[in-house]
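Residue numbers (full-length UniProt numbering): 1 to 644.
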């Protein structure tokens with residue numbers, strides 16, 4: 001007798017026993033019959049979809065031990081706390097001969113897990129239109145992220161992508177390094193200096209500035225600040241500091257505001273709520289009956305409270321940006337009036353001299369400096385939009401006035417006039433031609449906080465964790481920085497200097513390979529399809545791909561795939577395909593901020609390691625937490641001392 005027949009017989013016997021017990025306890029027969037009918041209908045429906053209940057589709061491979069009706073729940077759910085490693089183990093056990101495999105959980109869609117670059121390219125590029133994020137993603141993450149760029153599909157995604165891409169250019173990056181990274185790195189190093197032991201804390205600013213002619217300047221000023229809650233000599237959570245740094249920097253870059261997380265004592269309510277909400281919504285992908293469970297155990301109520309806190313924080317950012325834009329508009333209008341008054345005045349030698357000196361504003365680079373994911377341009381086969389033409393010097397004041405007015409007033413805006421992402425979205429209309437409402441702007445802020453805060457902070461934390469275990473890697477990184485940047489000085493590295501640090505970039509990329517910031521991802525098959533390996537994908541199936549597993553497979557990365565070895569990035573004759581190194585996604589939805597993340601990652605690693613020594617705190621444990629990204633479950637607790 002087949003296993004599924006035995007299973008059905010056992011299930012029927014169990015149901016009959018339950019009905020008999022209910023009848024003896026006085027439950028009305030009609031209620032028993034109704035409950036039994038509902039249960040039978042649910043079982044019958046799921047029986048048609050569970051892989052263990054029938055033969056899999058042609059070409060499909062299933063995991064060993066898949067059971068009737070229960071599918072893979074008995075082996076997956078006990079490993080949920082280590083999900084990424086469990087998935088890697090299953091894909092590795094199937095071997096290179098299994099480019100895809102299928103698994104199921106009770107009352108959930110069939111999962112098709114992809115491990116081969118050629119199959120990934122088919123899904124993410126060749127047939128990308130057939131594999132959107134889909135309704136399951138919106139059901140799970142929609143309450144948190146609304147209709148933002150990470151949740152939306154089609155035109156709703158396309159216009160957000162196109163608009164946001166204007167901000168990601170070399171011209172902008174150089175500005176970020178000089179104006180944002182430097183100032184926040186000063187605060188970060190000052191806070192770390194305050195955490196050094198009492199005997200060395202006072203020496204940290206001087207040690208950081210030693211060896212150069214430049215004065216410590218802002219960093220020394222920051223070192224005089226009091227950092228509430230920072231106890232000299234006590235271990236600190238470097239993971240938390242990375243979150244604070246990246247939220248401060250991206251809020252300034254993306255939204256033109258400064259939440260001041262680096263100087264805030266205690267836990268930040270937004271951060272606590274945001275991290276917890278991501279864990280809850282991500283768990284829905286792997287939890288059968290999550291709606292019922294969230295209602296019963298209180299998680300649903302807590303999630304709603306967290307979302308209220310999160311969206312209130314984002315609304316505050318928008319309100320602050322509006323106030324700043326009003327001030328900028330007023331100042332710009334005054335500058336324009338002054339410029340017009342000077343133009344109407346009789347010419348004089350001093351006026352001629354002032355006119356010939358040109359205006360301020362931002363330097364504009366060549367048309368080729370747009371960095372909106374070169375891989376995306378190749379994927380879509382469309383030419384890149386040229387950067388805006390240089391603003392004529394005589395009208396610089398008017399140009400500044402126009403740009404400030406556009407960002408807050410909803411007038412027509414020439415491309416590139418808005419300085420930050422939020423001002424840009426405030427100045428534009430949606431696909432329906434209407435101005436964006438506050439709900440849409442809140443969605444925008446939250447989606448880009450995930451990109452700008454979470455992913456980079458986690459990549460930095462995991463890289464520093466790996467470096468602490470490899471003194472040889474740390475020594476080589478420092479030697480490269482010394483050769484490229486010279487002796488330690490008070491100022492921060494420039495964009496061009498950071499861009500030359502090839503080994504430091506390799507260190508950051510290697511940390512990201514082993515600990516990708518988005519370890520698991522999924523799409524939905526709109527229509528039935530046949531994958532390049534012959535697997536038949538049913539319509540409605542969830543297409544799952546694990547960056548964590550793919551980035552560690554020996555058939556793509558060699559026998560040392562599990563080893564932290566930055567040199568592999570310097571040995572490649574060609575840059576690895578984004579379909580085998582999937583940390584930044586691939587295809588039309590490749591990460592917009594890839595270059596910015598690499599730049600910030602190298603900048604922070606070099607800045608911190610040249611100033612401080614980090615060591616794991618006694619008894620500290622490091623492991624990942626299950627979330628939408630790759631946070632550390634218990635943080636990264638370290639002791640800090642100034643570098644000699």
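Ideal Cβ positions, reconstructed from N, Cα and C, are used throughout, including at glycine.
Residue 146 burial status per 10 Å Cβ neighbour count (16 or more: buried): In this structure residue 146 is buried. Its beta-carbon is surrounded by 16 or more other beta-carbon atoms within 10 angstroms.
Measure from the alpha carbon of residue 111 to the alpha carbon of each residue in 508, 176, 524 and 457, then state which is nearest. Measuring from the Cα of residue 111, the nearest candidate turns out to be 524.
Pull up the distance between the alpha-carbon of residue 400 and that of residue 274, whole angstroms please. Bear in mind that the predicted position of residue 400 carries a pLDDT of just 37, short of 50, making it unreliable; the figure below should be weighed with that in mind. Answer to the nearest angstrom: the Cα atoms are 36 Å apart.
Rounded straight-line distance, which links the Cα of residue 151 to that of residue 518: Distance between the alpha carbons of residue 518 and residue 151: 14 Å.
Tell me the start and end of each unbroken beta strand (DSSP E) in the segment 161 to 203 that is at least 3 residues and wholly inside, in chain order. Along the segment 161 to 203, the beta strand (DSSP E) does not occur as any fully enclosed run of 3 or more residues.
With residue 445 as the anchor, note down where its alpha helix (DSSP H) starts and where it stops. Counting along the chain, the alpha helix (DSSP H) containing residue 445 begins and ends at 438 to 449.
With a Cβ-Cβ cutoff of 8 Å, do residue 545 and residue 582 count as a contact? Going by C-beta atoms, residue 545 is nearer than 8 Å to residue 582.
Nearest neighbour of residue 533, chosen from 114, 79 and 571 [CA to CA]: That would be 114, whose Cα lies nearest to the Cα of residue 533.
Can you name the start and end residues of the beta strand (DSSP E) that residue 245 belongs to? First-last for residue 245: 238 to 255, but that is the alpha helix (DSSP H), not the beta strand (DSSP E).
Could you give the first and the last residue of the continuous beta strand (DSSP E) run that contains residue 640? That run of the beta strand (DSSP E) goes 637 to 642.
If you count every other CB in all the chains shown that lies within 10 Å of the CB of residue 443, and 16 or more means buried, which is it? By the 10 Å Cβ count, residue 443 comes out buried.
Where the alpha helix (DSSP H) through residue 468 begins and ends: Its alpha helix (DSSP H) spans residues 455 to 468.
Residue 487 by DSSP, collapsed to three states: which one? Residue 487 sits in coil when the DSSP states are folded into three classes, being neither helix nor strand.
Which of helix, strand or coil does DSSP assign to residue 282? The answer is helix: DSSP assigns residue 282 an H, G or I state.
Where does the unbroken beta strand (DSSP E) through residue 545 begin, and where does it stop? Segment 542 to 546, the beta strand (DSSP E) holding residue 545.
Taking its Cβ as the centre, do 16 or more other Cβ atoms sit within 10 Å of residue 73, making it buried, or is it exposed? With at least 16 other beta carbons inside 10 angstroms of its own, residue 73 counts as buried.
Kindly list the residues whose CB is nearer than 7 Å to the CB of residue 242, restricted to its own chain and excluding five residues on each side of it in sequence; keep chain order. Here the set comprises 457, 460 and 461.
Could you tell me the distance, in whole angstroms, from the CA atom of residue 646 to the CA atom of residue 527? Here the chain has residues from 1 to 644 only, and residue 646 is not among them.
Using a threshold of 8 Å, state whether the C-beta atoms of residue 287 and residue 303 are closer than that. No, these two residues do not count as a Cβ contact at 8 Å.
Buried versus exposed, by CB contacts within 10 Å (16 or more), residue 272: The residue in question, residue 272, is exposed, as its Cβ has fewer than 16 Cβ neighbours within 10 Å.
Does DSSP put residue 343 in a helix, in a strand, or in coil? For residue 343, the secondary structure class from DSSP, reduced to helix, strand or coil, is helix.
Neighbourhood of residue 313 by C-beta distance below 7 Å, restricted to the same chain and skipping five residues each side: Once the five neighbours on either side are set aside, the close Cβ partners of residue 313 are 270.
Exposure label - residue 612; buried when at least 16 CB within 10 Å: It counts as buried.
Can you give me the start and stop residues for the beta strand (DSSP E) that residue 100 sits inside? 100 to 103 is the extent of the beta strand (DSSP E) around residue 100.
Assuming residue 276 contacts residue 306 (C-beta within less than 8 Å), just tell me the rounded distance between them. Separation of the CB atoms of residue 276 and residue 306 is rounded to 6 Å, and the pair is thereby assigned contact status at 8 Å.
According to the Cβ coordinates, are residue 576 and residue 503 closer than 8 Å? No. Outside cutoff.
Who are the near neighbours of residue 597 in its chain, counting only those whose CB is closer than 6 Å to its CB and skipping five residues on each side? Annotation for residue 597: 456 place their beta carbon closer than 6 Å to its own, counting only its chain and skipping 5 residues before and after.
For residue 537, the nearest candidate out of 101, 341 and 97 (CA to CA): Of 101, 341 and 97, the residue nearest in Cα terms is 101.
What distance in whole Å lies between the Cβ atoms of residue 480 and residue 501, which are believed to be in contact at a cut-off of 8 Å? The beta-carbon distance between residue 501 and residue 480, rounded to whole angstroms, is 6 Å. This is short enough to meet the 8 Å contact definition.
Just to confirm, are residue 137 and residue 522 a CB contact at a threshold of 8 Å? Yes, Cβ-Cβ distance for residue 137 and residue 522 is below 8 Å.
Helix or strand or just coil, what does DSSP make of residue 148? Looking at residue 148 - three-state DSSP - the assignment turns out to be coil, as it is neither helix nor strand.
Return the residue from the list 120, 65 and 30 that minimises the CA-CA distance to residue 580. Distances from the CA of residue 580 to each of 120, 65 and 30 were compared; the closest alpha carbon is that of 120.
Using a Cβ-Cβ cutoff of less than 8 Å, which residues in the same chain neighbour residue 230 once the five nearest sequence positions on both sides are dropped? For residue 230, same chain residues with a beta-carbon under 8 Å away, outside a window of 5 residues either side, are 191, 194, 195 and 236 in chain order.
Residue 218 by DSSP, collapsed to three states: which one? Confidence at residue 218 is low in this model, with a pLDDT of 40, below 50, so its placement is unreliable and no value can be given for it.
Grouping DSSP H, G and I as helix and E and B as strand, with all else coil, what is residue 624? For residue 624, the three-state secondary structure derived from DSSP is strand.
Beta bridge counterpart(s) of residue 435 as assigned by DSSP: Per DSSP, 429.
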